[in-house]
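Down below is the structure, laid out as structure tokens.
Numbering (our numbering), first residue to last: 22 to 365.
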């Protein structure tokens, strides 16, 4: 019998002479091996996992069964509406499932019309990077297709805060002529009354450049505009603020142009702000700002007086003549006594 202190090398099978040392009879191991467990006598039951609902039950929202059936389909417009509902109700789980489905619902190749609907639905579903992924599956043809594709790419890039990509999209739409962007309204957001808030692409392009730290390029874009009136005055004002390294006489000349445009549009509040900018510019450069201060004072007084009187008399037919005079006075700052009367 081998020594108890030097057992044989273990080979995977327990020697029978070890069993007494463990307090077991010699026949215990074979007997236990032949006794079936109770669980072995019962048939195995399939494991059924009950899925949690994708959203709480809210009156007016899509029922669970209808939503699950929608996820199995490929109706992009219906999926888009479901995305809108999920965002409105804050159904995060449904939103995630919809985002995943929209990436596979219309696999390439697809015509541009389907690609655009798919990308738009992903934007509704707050998945702008997914929209960019879908757009990258399609190569647009020159012309209208390219314009539609680049416009949707701008929307997706803007939503995902990829400002460089958004600026590039607008540059492609401009085709080397920034004036093209001035007449292109870009959708920014949907107002509460259902109307769409838009802004000319030129101004949006300048905003992207500002975020990227490309101030001089942004100012050049603003100065490329050709629209008159208040829009021109505001762009000139912003350009002057960006071109802080430009010589003071050149910035002052831009402010004078802005004042003329503000006056033509009867934008008196803007004209007052421009005169204040001009005064601060001259003072910062150590130049005489007395004439600008006089113009600012005259315009403030005349605007306050004329506007107050016009508000009182505009509804009274007996004062129609005087109302017309006041209105003309508000329109023409270059008339005697107006803020620009001292100019040649």
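Every residue gets a Cβ at the ideal spot worked out from N, C-alpha and C, and that includes glycine.
- Taking 7 Å as the cut-off, the beta carbon of residue 118 is found no closer than this to the beta carbon of residue 103.
- One thing to note: residue 284 has its Cβ within 7 Å of the Cβ of residue 292.
- Taking 8 Å as the upper bound for CB-CB distance, residue 226 and residue 241 are not in contact here, some 11 Å apart.
- Your pair residue 238 and residue 230 checks out as a contact, with CB atoms roughly 5 Å apart and the cut at 8 Å.
- Going by beta carbons, residue 251 and residue 261 fall outside the 7 Å limit.
- C-alpha of residue 108 to C-alpha of residue 170: approximately 25 Å in a straight line.
- Separation of residue 139 and residue 156 (C-alpha to C-alpha, rounded to the nearest whole angstrom) is 9 Å.
- Using a 10 angstroms sphere on the CB of residue 255, the tally of other CB atoms reaches 16 or more, which defines it as buried.
- When 162, 105, 120 are compared, the shortest CA-CA separation from residue 132 is found for 162.
- In this structure, the beta-carbon distance from residue 142 to residue 172 does not fall below 7 Å.
- Burial is judged here by how many other beta carbons sit within 10 angstroms of a residue's own beta carbon; residue 178 has at least 16 and is buried.
- The Cβ atoms of residue 110 and residue 79 sit closer than 7 Å to each other.
- Within 10 angstroms of the beta-carbon of residue 114 lie fewer than 16 other beta-carbons, which makes it exposed.
- Uninterrupted beta strand (DSSP E) stretches at least 3 residues long and entirely within the region 68–108 do not occur.
- Proximity to residue 180 across 193, 315, 89, 144 peaks at 144, based on C-alpha coordinates.
- Selection 220, 234, 307, 167 evaluated against residue 196 yields 167 as nearest (Cα-Cα).
- Straight across, the Cα-Cα distance linking residue 184 with residue 174 is about 11 Å.
- Distance check between residue 322 and each of 215, 207, 270, 290 places 290 closest, using alpha-carbon atoms only.
- Under a 10 Å Cβ-count criterion, residue 136 is classified as buried, with 16 or more other Cβ atoms of the shown protein chains found around its own Cβ.
- In summary, residue 279 is buried, with 16 or more beta-carbon neighbours lying within 10 Å of its beta-carbon over all protein chains present.
- In this chain, the alpha helix (DSSP H) harbouring residue 149 covers 149–156.
- In this structure, the beta-carbon distance from residue 218 to residue 209 falls below 7 Å.
- Just so you know, the alpha carbons of residue 268 and residue 220 end up roughly 31 Å apart.
- Under the DSSP assignment, residue 277 falls in the alpha helix (DSSP H) whose first and last residues are 269–285.
- By the Cβ-count criterion, residue 75 is buried, with 16 or more other Cβ atoms from all chains shown falling within 10 Å of its own Cβ.
- Residue 167: member of the alpha helix (DSSP H) spanning 165–180, first to last residue.
- Under DSSP, residue 210 takes part in a beta bridge, and its partners are 218.
- For residue 309, there is no enclosing alpha helix (DSSP H), as DSSP marks it with neither H nor E.
- The Cβ atoms of residue 151 and residue 116 do not sit closer than 7 Å to each other.
- DSSP places residue 248 outside both helix and strand once states are collapsed to three, so it counts as coil.
- Looking at 236, 202, 286, the one whose alpha-carbon comes closest to that of residue 266 is 236.
- Rounded to whole angstroms, the separation of the alpha carbons of residue 253 and residue 112 is 44 Å.
- For residue 193, the enclosing alpha helix (DSSP H) starts and ends at 184–195.
- Taken atom to atom, the span from the alpha-carbon of residue 246 to that of residue 182 is near 25 Å.
- Straight-line spacing of the CA atoms in residue 205 and residue 191 works out to 10 Å.
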